[in-house]
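Visitor: 29 is the number of the first residue of the sequence shown in this note's numbering; add one for each residue after it.
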Amino acid sequence: MGFGGISIGSLILILLIGILLFGTKKFRNIGEDLGTALKGFKKGLSGSSSGSDTDKKPKK
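1. Could you check whether Phe-55 and Ile-47 sit closer than 8 angstroms to each other, using their CB atoms as the reference points?
2. Does DSSP put Lys-74 in a helix, in a strand, or in coil?
3. Between which two residues does the alpha helix (DSSP H) carrying Ile-47 extend?
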């Protein structure tokens with residue numbers, strides 16, 4: 029069983045139909061966009077916690 033009662037075979041079939049409809053280039057672009065968004069999200073999370081530390085100690 030896969031996600032929510034969907035078998036692995038069904039997931040593969042859905043993926044193949046998606047590739048036939050949209051092509052591999054569209055899926056590659058979606059993957060790149062998701063990766064960039066996740067990178068930005070992680071960078072924002074790490075930057076927000078370290079940014080508050082620098083405000084406490086002013087440079088002279």
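Where is the CB? At the ideal position from N, CA and C, for every residue including glycine.
None of these values were measured; they are calculated from a predicted model.
Guide: This is what the structure gives:
1. The beta carbons of Ile-47 and Phe-55 sit closer together than 8 angstroms.
2. It should be noted that the sequence gives Ser, not Lys, for residue 74. Secondary structure at Ser-74: helix, using DSSP grouped into helix, strand and coil.
3. Its alpha helix (DSSP H) spans residues 36 to 50.
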